[in-house]
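Using my numbering, you'd call the opening residue of the sequence shown number 284 and step up by one each time.
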Amino acid sequence: MKESKVKLGILAIVTTVAFLIAIPTLTLNFSNKQIDIRGLNPDDITDQFFVDDFALQSSVDLQGGKLAVFNVDLSVLPESQISTEFEKIKSIIAFRLSLLNIGDYELTALENSEKGEYKIVLKVEEGITDEQLAFITSRGEVEFWLEDGGLINTAINEDGEVEEVEDPYVGTPFEGRSTANISNYDIFLAETVYDCRVYLAQLVVDSLPDSSIIPENSEQVSNYGLSVRFAPESNLKLLNALASNPIGVAPVLVTIDGVPVAYQASGNTYVGSLTVDHILLYTLVDDNALDNSIVASVMSSPVINFPVELESSNQLAPTLGLTTLNHMKIGLLLGFIMVNAVLVYYFRERSKFIVAANLVFLFWGIALLKIFGGYGLALSFPMLIGFLTAMLAFITFVILASYRVRTKFSGGLTRSELQEVYTQTKVEFRNLTILFIISAFSMQRYGTITLEQYANGIGFGFVVALLVIMIAFPILMPFTFKLGKK
């Protein structure tokens, strides 16, 4: 019994912390006074915590964002090829966006062949700058520059003779380098690596002809970098490039559209292995996940062959209304209270278990959503519907467990009988969770962005529900159901 009380105490502490995090952010107005309510954030504890705040990523439908319009110049193409090329450009941009860790976006193509106007409209969450949008829609041509000790620059003089001239790249990052036979089509996938130490040795930095491109105050150590994996048929190209590049103070330089974006990371040198299929890069962008993900997405995609220019960029109000999110929070809270009030009225004494289980799910679910919100979970309407679907399934199984106790063991309840009810409920819900998780993966893989967000909500909700059943149920049930002897 003492051990059970300890477990109950631990569960109460964990759930209390989850409740403090789960408190929704609300703005209420009373007597011309504005009252802000919010949950616990890491900066309330210490400024050295692992994230700045607990929050889901914003969504266009409930929180608004940015509306960007791009103009695509296809004037040089014959009319018969324009539609195909325009669709290709849209697909490349959509692919780049899909590789980013952003919660919500909408991409629309507008075509007016009579006026010769071809535009791409992007609705995206807040936090992405115009410069980042321009990079996402850039040509995106990748080049690898290698140290070339035998490089001789020549030109034809006025007499028609070939003569040696000074390196045109003197004093630039390209001094003494030539390009390798590597392009976007040789790259299978570029991925952001994080929570690591990607660095450039000081010896390398001192040897660079132009070290001004190294980010200021970086100390040549980054928490983020890129791991670029090559297609199997292009591994030999990477192998030849690394083998021909001097080891030590001459890292490979990577550019996109002629702009340096990364160096080969120190310590990631060629050692004669025949199984080389990737290269680790120290990036020259800001040391954050989004900027590194943008570079990775462009490197992982084909080149856009025609100019795409940002025509306009404006703030976008929530598509479902400015006050919808606040009203939904209050409405869902009242709905949760009313549902539990009805269950208390119907189940009487046994309702203690139902209410306790529902509260644990609510607090754990919202807290975990906010904690993991930075990993692509957006607070969108489809995600909320998905999470509510999982929540309704959980409440149904909680009611089912209580109903089994009420009907099967009305004459008294032993610990073994309670264990029987728990095991049966857990197995049934586990099987249902597996079914819904498989469905969620299918929706994420083949569905639209709306289905993907719904899948995020329902998948996350079922995982949280299964955690509550496996961890909280065995602790709550003995304390909320009367045990006795028959």
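The beta carbon of each residue, even a glycine, is placed where N, CA and C say it ideally should be.
Please tell me whether Leu280 and Ala484 are closer than 7 Å, where the distance is taken between their beta carbons. Given that the chain is displayed from residue 284 to residue 769, the structure contains no residue 280 and the question cannot be resolved.
Under the three-state DSSP convention, the category Pro543 falls into: Three-state DSSP puts Pro543 in a strand.
Assuming contact is defined by CB atoms lying nearer than 7 Å, are Ser584 and Ile375 in contact in what I supplied? Contact: yes.
Using the three-state DSSP reduction, which class does Lys398 fall into: helix, strand or coil? Here Lys398 sits in coil by DSSP.
To the nearest angstrom, how far is it from the Cα of Glu370 to the Cα of Pro590? Those two C-alpha atoms are separated by around 14 Å.
Per DSSP, which one or two residues make a beta bridge with Arg512? Per DSSP, the beta-bridge partners of Arg512 are Leu472, His561.
Pair within 7 Å by beta-carbon distance, Met666 and Gly740: Taking 7 Å as the Cβ cut-off, Met666 and Gly740 qualify as a contacting pair.
Simplified DSSP state of Leu262, which is helix, strand or coil: Outside the displayed span of the chain (284 to 769) sits residue 262, for which this structure offers no information.
Let's see if you can read the secondary structure: which residues bound the beta strand (DSSP E) around Leu350? Leu350 -> beta strand (DSSP E) spans 348–355.
So who's on the other strand from Lys406, going by DSSP bridges? Paired residues: Leu350, Glu389.
Residue range of the unbroken beta strand (DSSP E) whose run includes Asn597: Residues 591–599.
Going by CA-CA distance only, name the one from Glu700, Gly550, Ile637, Ser699 that's closest to Phe680. Considering only alpha carbons, the answer is Ile637.
Cα-Cα separation, Met611 to Ser634: The C-alpha of Met611 lies about 26 Å from the C-alpha of Ser634.
As assigned by DSSP and simplified to three states, the class of Ser314: Unreliable placement is indicated for Ser314, whose pLDDT of 46 sits below 50; the coordinate value is still reported in the next sentence. In this structure, Ser314 counts as coil in the three-state DSSP scheme.
By DSSP, does Val770 sit in helix, in strand, or in coil? The chain is shown only over 284 to 769; residue 770 falls outside these bounds and no answer can be derived.
Going by DSSP, what residue range makes up the beta strand (DSSP E) through Ser461? Element bounds for Ser461: 460–462.
Leaving out five residues on either side along the sequence, give the residues of the same chain with a beta carbon under 6 Å from the beta carbon of Ala738. Excluding positions up to five away in sequence, the list reads Ala723, Met726, Gln727.
Just reading off the beta strand (DSSP E) that Phe427 is part of, what are its end residues? Phe427 -> beta strand (DSSP E) spans 425–430.
Can you tell me whether Leu243 is helix, strand or coil according to DSSP? Outside the shown range of the chain, which is 284 to 769, sits residue 243, and nothing can be said about it.
Please name the residue or residues paired with Val481 in a DSSP beta bridge. Its beta-bridge partners are Ser505.
Just to confirm, are Val511 and Ile562 a CB contact at a threshold of 7 Å? Yes, Cβ-Cβ distance for Val511 and Ile562 is below 7 Å.
Nearest by alpha-carbon distance to Gly399: which of Lys520, Leu616, Pro361 is it? For the options Lys520, Leu616, Pro361, the alpha carbon positioned closest to that of Gly399 is the one of Pro361.
Who are the near neighbours of Phe378 in its chain, counting only those whose CB is closer than 6 Å to its CB and skipping five residues on each side? Apart from sequence neighbours up to five positions away, the residues of its chain that approach Phe378 with a beta-carbon distance below 6 Å are Ser584, ordered along the chain.
What is the DSSP secondary structure of Thr566, counted as helix, strand or coil? Of the three classes helix, strand and coil, the one that applies to Thr566 here is strand, per DSSP.
So which of Ile620, Ile654, Ala650, Pro515 has the shortest CA-CA distance to Ala639? Measuring from the Cα of Ala639, the nearest candidate turns out to be Ile620.
Going by CA-CA distance only, name the one from Ile411, Thr672, Ala392, Glu397 that's closest to Ile403. Cα-wise, what sits closest to Ile403 is Ala392.
Count the other CB atoms within 10 Å of the CB of Ser549; is the residue buried (16 or more) or exposed (fewer)? Classification for Ser549: buried.
Can Met674 and Gly618 be called in contact, C-beta distance under 7 Å? No, these two residues do not count as a Cβ contact at 7 Å.
Taking the alpha helix (DSSP H) that Met582 belongs to, which residues open and close that run? From DSSP, the alpha helix (DSSP H) with Met582 extends over 572–582.
Return the residue from the list Leu564, Val710, Ser421, Asn588 that minimises the CA-CA distance to Ile539. Residue Ser421 is the option with its Cα nearest to Ile539.
Considering only the beta carbon of each residue, do Ala514 and Phe471 sit closer than 7 Å? The beta carbons of Ala514 and Phe471 sit closer together than 7 Å.
Would you mind stating whether Asn528 and Val535 have Cβ atoms separated by less than 7 Å? Cβ distance < 7 Å, so Asn528 and Val535 count as in contact.
Can you give me the Cβ contacts of Phe480 inside the same chain, cut-off strictly under 7 Å, excluding the 5 residues immediately before and after it? The amino acid occupying residue 480 in the given sequence is Arg; Phe does not appear at that position. These residues qualify, in order along the chain: Val504.
Using a Cβ-Cβ cut-off of 6 Å (strictly less than) and excluding sequence neighbours within five positions of Tyr452, which residues of its own chain qualify? Closer than 6 Å at the Cβ level, and outside the excluded window around Tyr452, lie Glu458.
Between the Cα of Thr298 and the Cα atoms of Val710, Asn641, Asn571, which residue gives the shortest distance? The candidate whose alpha carbon is nearest that of Thr298 is Asn641.
Just to confirm my understanding: we take Met760, look at its own chain, exclude 5 residues before and 5 after, and list those with CB closer than 7 Å. What are they? For Met760, where only same-chain residues beyond five positions count, the Cβ hits under 7 Å are Phe636, Leu701, Tyr705.
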